[in-house]
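Engineer: There's a structure below that I have some questions on.
Residue numbers (the working numbering): 16 to 235.
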């Protein structure tokens with residue numbers, strides 16, 4: 016199992032604490048302490064390993080397809096105004112990631128990073144409607160070669176307290192390239208052109224880089 020680089024420090028420090036904890040229990044309760052310590056710590060460490068896993072997937076690139084940028088469940092599909100950057104009506108599709116999902120985020124299609132901003136904020140539960148505008152978040156806009164723009168927003172949740180984003184304004188990115196990581200529960204919003212053909216339904220489970228969120232035909 017491949018482990019994401021964002022998990023190296025947490026996994027290393029957690030393992031050290033676990034070893035110290037188990038040794039102390041063993042010194043206090045002998046064999047019973049060893050069994051008790053392992054019973055407590057092994058499930059916790061297994062969860063951490065699972066959380067920071069990086070899945071190996073068979074990818075099928077398509078320049079007209081917007082793939083899911085994350086694993087999770089579709090919690091919103093609606094027409095909204097996007098006032099921060101696009102400043103127009105869009106179709107918003109939101110993916111909620113529980114602590115059990117893979118938390119790597121990927122670029123949903125290829126293009127140039129036309130906009131990037133980090134916004135400090137609150138830590139409302141990620142499925143709350145106001146989390147998209149009030150929570151800690153990053154906003155990234157990718158512009159395709161034909162001028163189509165898609166806004167991608169990472170949003171912290173009640174448990175998530177750190178958003179990692181690798182996007183840099185002006186850089187070219189590729190479909191399926193890692194865009195970032197959100198630690199411990201979160202949400203990702205996509206703001207798509209109104210003429211995008213939405214391929215998902217509310218409450219549908221989606222898989223990053225595999226599930227087609229929408230189709231946006233070439234403008235060329």
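Beta carbons are placed, not taken as given, at the ideal position from N, Cα and C, and that holds for glycine.
Using the rule of at least 16 other Cβ atoms within 10 Å of the residue's Cβ for burial, across every protein chain shown, is residue 72 buried or exposed?
Structural biologist: exposed
Engineer: By DSSP, does residue 36 sit in helix, in strand, or in coil?
Structural biologist: helix
Engineer: Any idea if residue 190 is buried or exposed, counting beta-carbon neighbours within 10 angstroms, 16 or more meaning buried?
Structural biologist: Only buried fits residue 190, as 16 or more other CB atoms lie within 10 angstroms of its CB.
Engineer: Using the rule of at least 16 other Cβ atoms within 10 Å of the residue's Cβ for burial, across every protein chain shown, is residue 89 buried or exposed?
Structural biologist: buried
Engineer: Beta-carbon separation of residue 101 and residue 39 under 8 angstroms?
Structural biologist: no
Engineer: Is there contact between the stretch 192 to 208 and the stretch 33 to 53, where contact requires at least three CB pairs shorter than 8 angstroms?
Structural biologist: no
Engineer: So the candidates are 169, 26, 32, 42; which of them puts its Cα closest to the Cα of residue 112?
Structural biologist: When each option's Cα is compared against that of residue 112, the closest is 169.
Engineer: For residue 115, count the other beta carbons within 10 Å of its own beta carbon; 16 or more makes it buried, fewer makes it exposed. Which is it?
Structural biologist: Taking all protein chains in view, the Cβ of residue 115 is surrounded by fewer than 16 other Cβ atoms within 10 Å, so the residue is classified as exposed.
Engineer: Count the other CB atoms within 10 Å of the CB of residue 58; is the residue buried (16 or more) or exposed (fewer)?
Structural biologist: exposed
Engineer: Work out the CA separation of residue 31 and residue 74 for me, nearest whole Å.
Structural biologist: Each residue's alpha carbon lies about 37 angstroms from the other.
Engineer: Can you give me the Cβ contacts of residue 97 inside the same chain, cut-off strictly under 7 angstroms, excluding the 5 residues immediately before and after it?
Structural biologist: For residue 97, where only same-chain residues beyond five positions count, the Cβ hits under 7 angstroms are 103, 105, 166, 206.
Engineer: Under a three-way DSSP split, which group does residue 48 fall into?
Structural biologist: helix
Engineer: Could you give the distance in angstroms between the alpha-carbon of residue 217 and the alpha-carbon of residue 110?
Structural biologist: 10 angstroms
Engineer: I'd like the ranges of any beta strand (DSSP E) spanning at least 3 consecutive residues and lying wholly in the stretch 64 to 88.
Structural biologist: 80 to 82
Engineer: The beta strand (DSSP E) spanning residue 158 covers which residue range?
Structural biologist: Segment 152 to 158, the beta strand (DSSP E) holding residue 158.
Engineer: Taking the alpha carbon of residue 128 as the reference point, which residue from 162, 184, 26 has its own alpha carbon closest?
Structural biologist: 184
Engineer: Let me know if residue 151 comes out buried or exposed under the rule of 16 or more other beta-carbons within 10 Å of its beta-carbon.
Structural biologist: Answer is buried; the Cβ neighbour count reaches 16.
Engineer: Below 6 angstroms CB to CB, which residues in the same chain sit around residue 126 once its five sequence neighbours on both sides are set aside?
Structural biologist: By the criterion of a C-beta distance shorter than 6 angstroms, residue 126 is surrounded in its chain by 157, 158, 159, once the five residues flanking it on both sides are discounted.
Engineer: Compute the beta-carbon to beta-carbon distance between residue 231 and residue 120, rounded to the nearest angstrom, for a pair I have assumed lies under 8 angstroms.
Structural biologist: The pair is not a contact, with the Cβ atoms about 19 angstroms apart (cut-off 8 angstroms).
Engineer: Could you say which of 92, 95, 66 lies nearest to residue 17 if we only look at CA atoms?
Structural biologist: 66
Engineer: What is the residue span of the beta strand (DSSP E) that residue 169 lies within?
Structural biologist: Membership of residue 169 in the beta strand (DSSP E) is indicated by the continuous run 164 to 171.
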